[in-house]
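Residue numbers (the working numbering): 59 to 427.
Positions of the beta carbon are idealized from the N, C-alpha and C atoms, including for glycine.
Treat the numbers as computed from the prediction; the structure is a model and nothing was measured.
Quick notes on the structure that follows.
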Ligand code: NDP
Ligand code: GDR
């Protein structure tokens with residue numbers, strides 16, 4: 059991590075202090091940029107890792123020995139209450155964004171206890187820290203809630219009043235986190251708010267989420283580095299937006315006079331199959347589907363090559379079939395709207411992966427979800 063960044067320096071004005079858990083993740087990196095641009099002092103929590111895990115925020119880092127900086131990182135973990143209490147005590151944040159989570163739905167079936175510990179109890183630990191430190195009147199708390207709460211959907215489109223029915227250990231852990239956030243708001247008067255965010259993506263999306271897995275494969279196939287893309291359920295439908303737009307909504311949620319819970323979504327839904335078709339179209343390949351179920355394949359119309367196949371290992375024990383959000387409350391109360399269209403999102407991700415592939419060493423991890 060090296061290099062300076064001018065926008066991090068400058069005269070010291072009274073500044074708001076934000077603490078972001080999960081700063082090294084997709085949303086954390088976008089939110090840190092947004093808050094720095096707004097003049098905040100930003101503290102982020104990163105996990106200790108045997109290899110570098112800060113690639114998404116390295117460009118924000120300025121060596122504090124050499125320059126004044128407004129971006130700081132601290133070691134921490136949502137499973138470590140004493141660490142969280144100490145960090146919050148030292149930082150005294152005005153706004154605390156809890157973005158850290160074991161965020162992969164399929165992995166949560168394999169690590170259910172850890173997922174509950176970090177995603178459910180981790181949220182409780184942060185809220186308790188605010189209470190123990192008597193910061194109820196100072197620290198505003200944002201919880202990264204999710205459309206996965208709707209799971210087996212009871213109503214379409216889904217809005218704030220739609221009943222929850224989570225379908226994975228991840229969804230169930232996030233259900234606890236959602237309600238403990240509401241409970242601490244009602245019981246202790248903490249300014250605590252949930253953003254119920256539908257899927258949001260972008261070039262910084264983790265490589266094992268389906269959109270990024272597809273755009274990386276399109277780039278790798280185009281450059282002759284990969285033969286075929288293996289996917290699970292092609293029929294699942296998601297309301298996909300851009301992470302850049304969604305972190306702005308997170309910030310807006312914490313600027314309201316009263317804490318509340320909001321859905322953020324684009325209001326459009328597309329299947330995994332449609333995402334595949336649109337991504338390959340970016341490199342002028344038309345995918346034609348043949349066969350059914352686990353035997354279904356996506357064929358390149360020109361060359362006749364099978365570029366996409368189904369691998370049942372990627373099927374989930376319980377699936378969320380259809381998500382489509384209604385963000386009317388966010389639009390009317392916050393003035394928030396998703397700006398990036400589906401097409402713009404896919405094009406940006408494919409173009410970014412086409413650039414990135416030139417610098418990547420080939421990798422092969424058969425267990426990657
Ligand atoms: P990512 O998986 O990209 O980032 C997760 C972050 O959490 C990473 O910084 C990760 O660290 C960190 N983390 C994981 N476990 C722990 C732990 N035990 N202690 C401390 N940090 C931890 O997720 P996103 O950025 O996509 O999502 C941000 C949040 O929003 C998550 O809570 C997610 O569940 C939620 N969400 C995401 C949506 C989306 O579509 N992206 C939609 C709705 C909700 P490391 O880098 O070391 O792995
Ligand atoms: P999701 O995102 O589960 O919605 O959770 P993901 O991209 O993992 O899956 C979306 C849909 O695609 C189907 N799918 C595959 N998924 C993956 N990962 N890999 C595959 O090969 C594959 N093939 C098909 C899935 O079955 C699913 O239906 C994301 C995360 O960011 C959560 O943290 C967040 O809460 C929700 O979005 C909203």
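{"query": "Using the Cα positions of residue 263 and residue 248, report the straight-line distance between them to the nearest angstrom.", "result": "31 angstroms"}
{"query": "Where does the unbroken alpha helix (DSSP H) through residue 85 begin, and where does it stop?", "result": "84-95"}
{"query": "Residue 158 and residue 256: beta carbons closer than 7 angstroms?", "result": "no"}
{"query": "Tell me which residue opens and which closes the alpha helix (DSSP H) that residue 189 is part of.", "result": "180-190"}
{"query": "Where residue 125 and residue 167 are concerned, what is the direct C-alpha to C-alpha distance, given to the nearest angstrom?", "result": "45 angstroms"}
{"query": "Is DSSP giving residue 323 helix, strand or coil here?", "result": "coil"}
{"query": "Grab me the residues of residue 55's own chain with a C-beta within less than 6 angstroms of its C-beta, minus the 5 sequence neighbours each way, in chain order.", "result": "Outside the displayed range of the chain (59 to 427) lies residue 55, so it cannot be described from this structure."}
{"query": "On the DSSP letters alone, give me the boundaries of the alpha helix (DSSP H) that residue 234 sits inside.", "result": "227-246"}
{"query": "Under the three-state reduction of DSSP, which class applies to residue 73: helix, strand or coil?", "result": "coil"}
{"query": "Quick check on residue 224: buried or exposed, where buried means 16 or more other Cβ atoms within 10 Å of its Cβ?", "result": "buried"}
{"query": "How many Å lie between residue 246 and residue 240 at the Cα?", "result": "10 angstroms"}
{"query": "What are the boundary residues of the beta strand (DSSP E) that includes residue 287?", "result": "287-289"}
{"query": "Let me see if you follow: with CB-CB separation under 7 angstroms, is residue 196 close to chain D or not?", "result": "Here there is only one protein chain, and chain D is not present."}
{"query": "Could you check if residue 226 belongs to the surroundings of ligand 4, using beta carbon to heavy atom distance under 6 angstroms?", "result": "This structure lacks ligand 4; the ligands present are ligand 1 and ligand 2."}
{"query": "Residues with a Cβ closer than 5 angstroms to any heavy atom of ligand 2, in chain order?", "result": "161, 163, 204, 205, 206, 257, 267, 268, 289, 290, 291, 294, 330 and 372"}
{"query": "Looking at ligand 1, does it come within less than 6 angstroms of residue 80, judged from the CB to the closest heavy atom?", "result": "yes"}
{"query": "Where DSSP assigns a beta bridge to residue 101, which residues make up the other side?", "result": "77 and 130"}
{"query": "When burial is assigned at 16 or more other CB atoms within 10 Å of the CB, is residue 353 buried or exposed?", "result": "exposed"}
{"query": "Quick one: what's residue 367 bridged to in DSSP?", "result": "288 and 355"}
{"query": "Residue 331 and residue 292 - do their beta-carbons sit closer together than 7 angstroms?", "result": "yes"}
{"query": "Starting from residue 166, follow the alpha helix (DSSP H) in both directions and report where the run begins and ends.", "result": "163-168"}
{"query": "Do you know how far the Cα of residue 194 is from the Cα of residue 129?", "result": "24 angstroms"}
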